[in-house]
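First comes the structure, then the notes that go with it.
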Amino acid sequence: MEKKDDELKKTQVVEARARNISHNVCCTECGSQSIEDSQADIAIHLRKLICDEIQAGKTDKEIYKKLEEDFGETVLYAPKFDMQTAALWLSPTSSHHLLHKVSLLPLGGKGGEVSDIT
1 MEKKDDELKK TQVVEARARN ISHNVCCTEC GSQSIEDSQA DIAIHLRKLI
51 CDEIQAGKTD KEIYKKLEED FGETVLYAPK FDMQTAALWL SPTSSHHLLH
101 KVSLLPLGGK GGEVSDIT
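Here the sequence shown stands for residues 1 to 118, where the numbers follow full-length UniProt numbering.
Quick look at the structure:
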């Protein structure tokens with residue numbers, strides 16, 4: 001009974017890790033869904049590949065690296081930070097800060113009064 005429980009726990013850990021990784025991988029066919037949510041043939045294939053890699057003892061980092069090498073950096077929802085991806089990483093943050101600063105500006109004329117545009 002204890003051996004069966006250990007196997008069940010191991011299976012649950014593999015499935016949980018595979019789902020976690022699959023949520024972070026973009027379906028190359030759908031583009032707008034993770035492979036966890038997609039039913040495209042490639043998504044099914046990639047989910048199996050991830051499970052096989054986990055069962056082979058690979059770390060999450062090694063699996064992400066293999067996926068990136070085999071399918072390109074765009075397969076990952078969170079690409080690594082380097083000179084090529086800096087704009088991707090910095091633009092949402094920069095835009096957010098800029099919008100925040102603009103929203104703090106007073107409306108209208110002197111002293112924050114709203115001026116009549118009509």
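Glycine included, every Cβ here is placed at the ideal spot set by N, Cα and C.
No Cβ-Cβ contact shorter than 9 angstroms links Leu46 with Val14. Beta-bridge pairing by DSSP links Cys26 to Ser34. Proximity to Arg17 across Ala78, Gln39, Lys48, Glu68 peaks at Lys48, based on C-alpha coordinates. By the Cβ neighbour-count rule, Ile44 is exposed, with fewer than 16 other Cβ atoms within 10 Å of its own. Ranking Thr11, Ile21, Asp70, Glu69 by CA distance to the CA of Ile50 puts Ile21 first.
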